[in-house]
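**Student:** Sharing a structure, written as structure tokens. Questions coming.
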Amino acid sequence: VQARVVTPPGAGQVEVSAENPDGGASAGGPTYTYIAVDEPEFMRGDANADGKIDISDPVKVLSYLFALGDVACLDALDANDDGDINIGDAIYLLSYNFAHGSPPPLPFPGCGPDPTNDTVDCTGFTPCP
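Take the sequence shown: its position 81, counting from 1, is numbered 84 in my numbering, and each next residue is one higher.
Shown next as structure tokens:
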């Protein structure tokens, strides 16, 4: 038995269906998240790339937004994974740290490539072991 998979460019979620040699096909298959193998790895929410999420991470997000702070990986700053770096990311991290808010989306709590297809990236950045 062989299976050939063709994915759209980039990365993201895709519904999988199968087609038989006789032309019959499945519908409403499961959804899988696929990632490009050359994607850099990072931990979402770890804005300062120190391997943990604490008060320094929302401070780093605010520094980037309001003091033109230097950042190696914009994807790590996108704590809520909405495809934009804004004050909502700092608030999300503060809520997670101090108000039992939701944890950041993947890749968290570990490191990995971004499973979301958006314009925020970490070009040339691989802080994870």
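Glycine is no exception: its CB is placed at the ideal position from the N, C-alpha and C atoms.
I believe A50 touches D60 by the beta-carbon criterion, under 8 Å. Please report the beta-carbon distance rounded to the nearest angstrom.
**Tutor:** The residue labelled residue 50 in the question sits at position 47 within the sequence shown. The residue labelled residue 60 in the question sits at position 57 within the sequence shown. Sure, about 4 Å apart at Cβ, within 8 Å.
**Student:** My parser needs the alpha helix (DSSP H) runs of 4 or more residues fully inside the stretch 60-94; what are they?
**Tutor:** Correct list: 77-80.
**Student:** Can you look up F101 in the DSSP assignment and give me helix, strand or coil?
**Tutor:** Numbered from its first residue, the sequence shown carries residue 101 at position 98. Correct three-state label for F101: helix.
**Student:** Are there 16 or more other CB atoms within 10 angstroms of the CB of A102, so buried, or fewer, so exposed?
**Tutor:** The residue labelled residue 102 in the question sits at position 99 within the sequence shown. Classification of A102: exposed, given that the 10 Å Cβ count is below 16.
**Student:** Could you give the distance in angstroms between the alpha-carbon of N83 and the alpha-carbon of C131?
**Tutor:** Here residue 83 is taken as the residue at index 80 of the sequence shown, counted from 1. Here residue 131 is taken as the residue at index 128 of the sequence shown, counted from 1. When rounded, the distance between both Cα atoms is 20 Å.
**Student:** Could you please give me the residues that DSSP links to F45 through a beta bridge?
**Tutor:** As a working mapping, residue 45 is identified with position 42 in the sequence shown. Answer by DSSP bridge pairing, in chain order: G115.
**Student:** Find the nearest neighbour of G54 within the set F69, V62, L65 and A79, judged by alpha-carbon distance.
**Tutor:** In the sequence shown, residue 54 corresponds to position 51, counting from 1. The candidate whose alpha carbon is nearest that of G54 is A79.
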